[in-house]
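Notes follow once the structure below has been shown.
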Amino acid sequence: MATRASAAVLCLMLAGLVPAHAAGTDDAGQAAPAHGLSVFRDSEDGRFDMSRWLLEHRGFLPVPIIITDPAVGNGGGLALAFFHRPADSAATRPGSDGRQQMVAPDIYGGAAMRTENGTQAYGVGASLHFDEDRWRYRGGVAKTSMNLAFHTPGTRLPPLQIDYNLDGLMSFQQGFRRLGDRDLFLGLAWIYMDLDVGFDVASDRENFTPPELASRSSGLGMSLQYDSRDNTFTPNSGWLGMAEGNFYMPGIGSDTAFQSYRAHAFGYWPLLDKRLVLGGRIDTRWANGEIPFYRLPYIDLRGIGSARYQDTRAAVLETELRWNMTTRWALIGFVGAGRTWGRHNSFGDADNEVSKGAGFRYLIARQLGMHVGVDYAWGPEDSTFYIQVGSAWR
Numbered sequence: 015m016a017t018r019a020s021a022a023v024l025c026l027m028l029a030g031l032v033p034a035h036a037a038g039t040d041d042a043g044q045a046a047p048a049h050g051l052s053v054f055r056d057s058e059d060g061r062f063d064m065s066r067w068l069l070e071h072r073g074f075l076p077v078p079i080i081i082t083d084p085a086v087g088n089g090g091g092l093a094l095a096f097f098h099r100p101a102d103s104a105a106t107r108p109g110s111d112g113r114q115q116m117v118a119p120d121i122y123g124g125a126a127m128r129t130e131n132g133t134q135a136y137g138v139g140a141s142l143h144f145d146e147d148r149w150r151y152r153g154g155v156a157k158t159s160m161n162l163a164f165h166t167p168g169t170r171l172p173p174l175q176i177d178y179n180l181d182g183l184m185s186f187q188q189g190f191r192r193l194g195d196r197d198l199f200l201g202l203a204w205i206y207m208d209l210d211v212g213f214d215v216a217s218d219r220e221n222f223t224p225p226e227l228a229s230r231s232s233g234l235g236m237s238l239q240y241d242s243r244d245n246t247f248t249p250n251s252g253w254l255g256m257a258e259g260n261f262y263m264p265g266i267g268s269d270t271a272f273q274s275y276r277a278h279a280f281g282y283w284p285l286l287d288k289r290l291v292l293g294g295r296i297d298t299r300w301a302n303g304e305i306p307f308y309r310l311p312y313i314d315l316r317g318i319g320s321a322r323y324q325d326t327r328a329a330v331l332e333t334e335l336r337w338n339m340t341t342r343w344a345l346i347g348f349v350g351a352g353r354t355w356g357r358h359n360s361f362g363d364a365d366n367e368v369s370k371g372a373g374f375r376y377l378i379a380r381q382l383g384m385h386v387g388v389d390y391a392w393g394p395e396d397s398t399f400y401i402q403v404g405s406a407w408r
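Here our numbering = 1-based position in the sequence shown + 14.
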């Protein structure tokens, strides 16, 4: 998960939970013995670590939400994630290439947030694994009221900024089945949204056709996913590739008929004995049919405002380099570019939008391989902070 954030928030969390005298070493500079360690001390290096709290004590991971997105104004909130590994669930399993892969524990969570322009949202969700990771589930339900701005796509028409509100319910439910012993999964999904669309200026409604103003969308989806990552939270090696299609039809509760598709791949390569990890991402999204204007694909990059660039086609390329300075601390740098086209622009006429940034990470749960940290990103119009828990790529 990622939220626009202040770097001070995470630093205070790390500093405040570990007393100054709990350095993790004895007077001789050796690692502290395992007996007597607090629940927030790691048994291997004595450093601040939440693995035991999350896995053995069914504790929660608090994630502060500090929002600085110009699209919705400043604001904040809190997310809580609860981790549980069933007694009969193994921590790892052999991948199809012979390497051990971590089996993520079950995660349950909830979040609430509000911003200064009146945007607010709250919801619950879960990510579950069954039968030695042969089955996977992820999903959530949220109630939201979002005050956003729609920027008319393309360069052939005079650009307009149209302020609008979306108020209602959203639900996402998805299940996966592993195909044999391979790292390949077949997925089925149901996506449902019932959102009332309102405008700050009533006449702005005339800029859209009736299908573009549809409130209710209900779609069934199918996907094929390949996942050979060594870790689902902060991968160091392997691939995640996925192709999916979602089909919205009146027969299953949708106001209009349209289709949305996405194909993406994330790759991770360890370098210099894992001191460096190079990541690469390619992500394409497109839509056909009578799609509501607020469901158009958009450029999804750190440093670019949510839904700032939209059209019926969107593509992103991004790379990230992580330098593991110590066993706990890492620095990262990233750069990416995206483009939208389709309804009002050809691919050749569209502009590339570039973002870049840097950040740091701390290994907060060694047994899960989970890093947390802060990124600062620069885009075409804005620059902002993000709190990161795990990978920034979703």
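Just so it is clear, CB atoms sit at the ideal spot from N, CA and C, and this is done for glycine as well.
Taking all protein chains shown into account, do 16 or more other C-beta atoms lie within 10 angstroms of the C-beta of Ala329, making it buried, or fewer, making it exposed? buried
If Gly281 sits next to Trp253, beta carbons under 8 Å apart, how far is it from one beta carbon to the other, in whole angstroms? 5 Å
Out of Met207, Leu227 and Tyr206, which one is the CA nearest neighbour of Ala216? Leu227
Within 10 angstroms of the Cβ of Glu130, are there 16 or more other Cβ atoms? Answer buried if so, exposed if not. exposed
6 Å CB neighbourhood of Arg219 in its chain, flanking five on each side removed: Phe213
Could you please give the first and the last residue of the uninterrupted beta strand (DSSP E) stretch that includes Ser159? Trp149 to His165
For Ser405, the three-state DSSP class (helix, strand or coil): coil
Beta-carbon proximity of Ala257 to Ala277, cut-off 7 Å: yes
Report yes or no: do the segment 172-180 and the segment 137-154 share at least 3 C-beta pairs separated by less than 8 Å? no
Smallest Cα separation from Leu180: which of Leu193, Gly194, Ala156 and Arg192? Ala156
DSSP state of Trp392 mapped onto helix, strand, coil: strand
Suppose the cutoff is 6 Å on Cβ atoms and the five residues either side in sequence are ignored; what does the same chain contact list for Gly50 look like? Note on Gly50: pLDDT 42, under 50, position unreliable in the model; no value is reported.
Count the other CB atoms, across all protein chains shown, that sit within 10 Å of the CB of Ser231; report buried if there are 16 or more and exposed otherwise. buried
To the nearest angstrom, how far is it from the Cα of Leu202 to the Cα of Trp407? 21 Å
Backbone CA spacing between Glu332 and Arg55 [nearest angstrom]: 35 Å
Once the 5 residues before and after Leu335 are set aside, which same chain residues still bring their CB inside 7 Å of it? Leu290, Leu292, Ile346 and Gly347
Out of Phe399, Thr341, Asp297 and Ile305, which has the shortest C-alpha to C-alpha gap to Gly350? Asp297
Backbone secondary structure at Ser65 - three-state DSSP: helix
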